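Colleague: Pasting a structure below so you can have a look.
In the working numbering, the protein residues as written are 210 to 641.
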């Protein structure tokens, strides 16, 4: 695998796509519709003449041979429709060969495809559309900068953390559903506490209501207090009370006795894995140059900082406003004639980044300055989501190139974003 190039962390003041890739100097536009086993490549010259139109395997040697063949016609622009996962190898090979690389987002590609005749959906047609878009519509492309190894590791760990979080939610819901089926009263006691290891240990040892009922309250208390010294006694009393509320045995309870301990063990293992991944993520984030800057903002911790780095660091934006629009934070203007006009919240944008920024804004309410601002906006009639949106302040700080040099930033009332931008005073601190 070719060595990863080191990218400047969050240095987002980059020229536009057309300037950055020197579109006027490109002689050959290569559109690649990537696939798991095979790719399809179409190459066009500046006049639109096809120089290449073939499928090729997902193999480094074949990709290098393709690039070497097309290099004889001049400077190349290599455009893919998926820069990661199945498209990671073509991008890495093109980078290693010194070729300009860009990315055509899927939504833009589909809308461009609607402008072409026909309704077919084939790899060859998609590759031709990508190449034609690269040749005639450079503004639709997104530049790609190869991330450094630290950022690549952080991206992979965050993706794995997302998978673990989804599996934890799924397993937890299965346990609660099983408890609701066989003993609703017991579910009301144990269901909300499944995130505690003492409850999972109890379900693994006593997986049925009958086994719990056959155990004395003192034994349950001793079992629970090993992992939950504070709530062990009270939780045991609640369990005994819940067991006394149901005498009938629901069909399927015996099968639940077989399934429950496995689910409890699986959930405990998943939580342990996620804790281990969180430790690795924390180590990577702590050594990043932007760690002191990001965490100086209220509401930004390890997970949010990791998301900001993975979702923003390898992309280029003309301004902080472009970054806010990319995250789906900027309001959308809808205007037609003289009767329809107004600004509405965006329904698009990077959902992962938008969620991270919203959770950061919600957590920032613990900060006294942010809390005072939130209370003032609520008094003005703003809803909770409007009043708690601190995201533009984070976006502007992430964008600012001086942040990489500054050990800290001045604290000031954060610039809030409501759905209309009306009634939002500017920050009283120094301008950014």
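Here a beta-carbon is modelled for each residue, glycine too, at the ideal position from N, C-alpha and C.
Fair warning: this is a prediction, and the values are worked out from it, not measured in the lab.
For residue 583, name the three-state secondary structure that DSSP assigns.
Modeller: By 1-based counting over the chain shown, the position of residue 583 is 374. Residue 583: helix per DSSP, three-state reduction.
Colleague: Rounded to a whole number of angstroms, what is the C-alpha to C-alpha distance between residue 464 and residue 412?
Modeller: If you number the chain shown from 1, residue 464 lands on position 255. If you number the chain shown from 1, residue 412 lands on position 203. Distance between the alpha carbons of residue 464 and residue 412 is about 14 Å.
Colleague: Please confirm whether residue 545 and residue 571 have their CB atoms less than 8 Å apart.
Modeller: Within the chain shown, the letter at position 336 stands for residue 545. Within the chain shown, the letter at position 362 stands for residue 571. Contact flag unset, no.
Colleague: Quick check for students: name the residue ranges of the beta strand (DSSP E) that lie wholly in the segment 307-369, counting only runs of 3 or more.
Modeller: 309-312
Colleague: Let's see if you can read the secondary structure: which residues bound the alpha helix (DSSP H) around residue 495?
Modeller: As a working mapping, residue 495 is identified with position 286 in the chain shown. Per DSSP, residue 495 belongs to the alpha helix (DSSP H) from 462-495.
Colleague: Does the distance from the C-beta atom of residue 251 to that of residue 336 stay below 8 Å?
Modeller: Locating residue 251 in the chain shown gives position 42, where the first residue counts as 1. Locating residue 336 in the chain shown gives position 127, where the first residue counts as 1. Yes, the pair counts as a contact, with Cβ atoms nearer than the cut-off.
Colleague: Do you know offhand how far residue 462's Cα is from residue 586's?
Modeller: By one-based count along the chain shown, residue 462 stands at place 253. By one-based count along the chain shown, residue 586 stands at place 377. Taking the straight line from one Cα to the other gives about 52 Å.
Colleague: Is the segment 431-450 touching the segment 374-390 in the sense that three or more CB pairs, one from each, lie closer than 8 Å?
Modeller: no
Colleague: Which residues does DSSP pair with residue 549 in a beta bridge?
Modeller: Position 340 of the chain shown, counted from the start, is the residue given in the question as residue 549. In DSSP, residue 549 forms a bridge with 545.
Colleague: From this set, 311, 279, 512, 395, which residue's C-alpha is nearest residue 567's C-alpha?
Modeller: The sequence position of residue 567 within the chain shown is 358, counting from 1. Comparing Cα-Cα distances from residue 567 to each of 311, 279, 512, 395, the minimum goes to 512.
Colleague: Is the beta carbon of residue 371 less than 8 Å from the beta carbon of residue 242?
Modeller: Position 162 of the chain shown, counted from the first residue, corresponds to residue 371. Position 33 of the chain shown, counted from the first residue, corresponds to residue 242. Contact annotation: residue 371 and residue 242 have beta-carbon atoms that are not nearer than 8 Å.
Colleague: Would you decide whether residue 581 is buried or exposed? Buried here means 16 or more other CB atoms lie within 10 Å of its CB.
Modeller: As a working mapping, residue 581 is identified with position 372 in the chain shown. By the 10 Å Cβ count, residue 581 comes out exposed.
Colleague: Buried or exposed for residue 519, going by 16 or more other Cβ atoms inside 10 Å?
Modeller: Position 310 of the chain shown holds residue 519. Residue 519 should be labelled buried.
Colleague: Based on the DSSP secondary-structure assignment, which residues constitute the bridge partners of residue 266?
Modeller: Looking up residue 266 in the chain shown gives position 57. DSSP output for residue 266 lists 247 as bridge partner(s).
Colleague: Excluding the 5 residues flanking residue 549 on each side, which residues of the same chain have their C-beta closer than 8 Å to its C-beta?
Modeller: Looking up residue 549 in the chain shown gives position 340. So the qualifying residues of the chain are 543.
Colleague: Should residue 480 go down as buried or exposed, given a rule of 16 or more other Cβ atoms within 10 Å for buried?
Modeller: Within the chain shown, the letter at position 271 stands for residue 480. Of the other Cβ atoms in all chains shown, 16 or more fall within 10 Å of the Cβ of residue 480; this residue is therefore buried.
Colleague: Do residue 515 and residue 363 have their beta-carbon atoms positioned less than 8 Å apart in this structure?
Modeller: Start at 1 with the first residue of the chain shown, and residue 363 comes out as number 154. Start at 1 with the first residue of the chain shown, and residue 515 comes out as number 306. It is a contact, given that the beta carbons lie within the stated cut-off.
Colleague: I believe residue 266 touches residue 247 by the beta-carbon criterion, under 8 Å. Please report the beta-carbon distance rounded to the nearest angstrom.
Modeller: For the purposes of this step, residue 266 is taken as the residue at position 57 of the chain shown. For the purposes of this step, residue 247 is taken as the residue at position 38 of the chain shown. Residue 266 to residue 247, Cβ: 5 Å. Contact.
Colleague: How should residue 358 be labelled, buried or exposed, when 16 other C-beta atoms within 10 angstroms of its C-beta is the threshold for buried?
Modeller: In the chain shown, the residue the question calls residue 358 occupies position 149. By the 10 Å Cβ count, residue 358 comes out exposed.
Colleague: In terms of DSSP beta bridges, what is residue 289 paired with?
Modeller: Against the chain shown, residue 289 aligns to sequence position 80. 241, 312, per the DSSP bridge assignment.
Colleague: Could you tell me which residues DSSP pairs with residue 673 in its beta bridges?
Modeller: Nothing about residue 673 can be read from this structure; the chain reaches only from 210 to 641.
Colleague: For residue 237 and residue 522, what's the separation of their Cα atoms in angstroms?
Modeller: As a working mapping, residue 237 is identified with position 28 in the chain shown. As a working mapping, residue 522 is identified with position 313 in the chain shown. Each residue's Cα considered, the two are about 29 Å apart.
Colleague: Would you say residue 288 and residue 239 are within 8 Å of each other, going by their C-beta atoms?
Modeller: Stepping through the chain shown from its first residue, residue 288 is reached at position 79. Stepping through the chain shown from its first residue, residue 239 is reached at position 30. Yes.
Colleague: Kindly confirm or deny that the segment 469-480 and the segment 418-426 touch, where touching means at least three C-beta pairs closer than 8 Å.
Modeller: Judged by Cβ distances under 8 Å, the segment 469-480 makes no contact with the segment 418-426, as fewer than three pairs qualify.
Colleague: Residue 232 and residue 401 - do their beta-carbons sit closer together than 8 Å?
Modeller: Counted from its first residue, the chain shown places residue 401 at position 192. Counted from its first residue, the chain shown places residue 232 at position 23. Cβ atoms of residue 401 and residue 232: not closer than 8 Å.
Colleague: Could you name the residues of the same chain whose beta carbon sits closer than 6 Å to that of residue 557, not counting the 5 residues immediately before and after it, in chain order?
Modeller: Residue 557 sits at position 348 when you count from the first residue of the chain shown. Once the five neighbours on either side are set aside, the close Cβ partners of residue 557 are 537.
Colleague: Measuring straight from C-alpha to C-alpha, what distance separates residue 624 and residue 379?
Modeller: Residue numbering aside, residue 624 sits at position 415 when the chain shown is read from its first letter. Residue numbering aside, residue 379 sits at position 170 when the chain shown is read from its first letter. Residue confidence for residue 624 is low, a pLDDT of 34 falling below 50, so the modelled location carries little weight and cannot support an answer.
Colleague: Around the Cβ of residue 279, are there at least 16 other Cβ atoms within 10 angstroms (buried) or fewer (exposed)?
Modeller: Walking along the chain shown from the start, residue 279 turns up at place 70. Classification of residue 279: buried, given that the 10 Å Cβ count is 16 or more.
Colleague: Leaving out five residues on either side along the sequence, give the residues of the same chain with a beta carbon under 6 Å from the beta carbon of residue 399.
Modeller: For the purposes of this step, residue 399 is taken as the residue at position 190 of the chain shown. Correct list, in chain order: 408.
Colleague: Quick check: what's the CA-CA separation for residue 583 versus residue 574?
Modeller: Numbered from 1 along the chain shown, position 374 holds the residue referred to as residue 583. Numbered from 1 along the chain shown, position 365 holds the residue referred to as residue 574. If I take the Cα positions, the gap works out to 7 Å.
Colleague: Taking C-alpha atoms, which residue in 529, 499, 321, 383 lies nearest to residue 473?
Modeller: Here residue 473 refers to the residue found at position 264 of the chain shown. Checked all of 529, 499, 321, 383; the closest Cα to residue 473 is 383.
Colleague: On a Cα-Cα basis, can you pick out the residue from 329, 317, 455, 283 that is closest to residue 309?
Modeller: Looking up residue 309 in the chain shown gives position 100. Measuring from the Cα of residue 309, the nearest candidate turns out to be 283.
Colleague: Leaving out five residues before and five after residue 504 in sequence, what residues of the same chain have Cβ atoms less than 8 Å from its Cβ?
Modeller: Position 295 of the chain shown holds residue 504. Taken in chain order, the residues that qualify are 510, 514.
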